[in-house]
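In the numbering used here, the protein residues as written are 1072 to 1200. This report concerns only the one structure given below.
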Amino acid sequence: MSGAGQPADTALAAELEALERALHAPQVRADREQLAALLDEDFSEIGSSGRCYGRDAALQEIPLERAQVLIESEQYAVWLLAEDLAQVRYRSRYHVDGQAQGWVLRSSLWRRHAQEWRVVFHQGTPEAR
């Protein structure tokens, strides 16, 4: 996948991949305070289901997800679009009750506030088979 902007340097790519993976961690997903620290005030999402979510809905719904869901992710690419805006692209899939689900292509926009990055937009699209 190519994109606008330029590939992020190694340090920024590692930082944003770690933040994205933190959003997959059950202990973060279960804690509204930790989630709120990672979601920008303007956060919105278009989920792989096609449903749209705002920040408030995400903070309400994500902590209620079943604990048995494991998120596997790979093939990260990070692009710096502007000085304080980066795109993280990767693919992921859920494992529900030990069963792997279909792969989803994901894209997140991260915006820097002072020295902290927060996700401002996320979209998931089921991968073509």
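Every residue gets a Cβ at the ideal spot worked out from N, C-alpha and C, and that includes glycine.
Can you name the start and end residues of the beta strand (DSSP E) that V1099 belongs to? Counting from 1 along the sequence shown, the entry for residue 1099 is found at position 28. Counting along the chain, V1099 falls outside any beta strand (DSSP E), though it belongs to the alpha helix (DSSP H) covering P1097 to R1100.
Residue(s) in a DSSP beta bridge with T1196: For the purposes of this step, residue 1196 is taken as the residue at position 125 of the sequence shown. Partner(s): L1176.
Same chain, Cβ closer than 6 Å to W1118, five either side skipped, listed in chain order: Position 47 of the sequence shown, counted from the start, is the residue given in the question as residue 1118. A quick correction: the sequence has Gly, not Trp, at residue 1118. Excluding sequence neighbours, G1118 sits near G1195.
Backbone secondary structure at M1072 - three-state DSSP: Taking the first residue of the sequence shown as 1, we reach residue 1072 at position 1. The pLDDT assigned to M1072 is 48, lower than 50, so where the model puts this residue is not dependable, and the model offers no usable value.
Cβ-Cβ distance between R1162 and Q1172 below 8 Å: Here residue 1162 is taken as the residue at index 91 of the sequence shown, counted from 1. Here residue 1172 is taken as the residue at index 101 of the sequence shown, counted from 1. No. Outside cutoff.
Taking just the CA atoms, how far does D1168 sit from I1142? Counted from its first residue, the sequence shown places residue 1142 at position 71. Counted from its first residue, the sequence shown places residue 1168 at position 97. Going from the Cα of I1142 to the Cα of D1168 covers about 12 Å.
Mind pulling the alpha helix (DSSP H) runs of 4 or more residues that sit fully within the region 1084 to 1160? 1097 to 1100, 1103 to 1109 and 1126 to 1132
By Cβ distance, which residues of its chain are closer than 8 Å to V1094, with the 5 residues on each side in sequence left out? Mapped onto the sequence shown, residue 1094 falls at position 23. Note that residue 1094 is Leu in the sequence shown, not Val. Only R1100, L1106, L1109 and V1190 meet the Cβ criterion.
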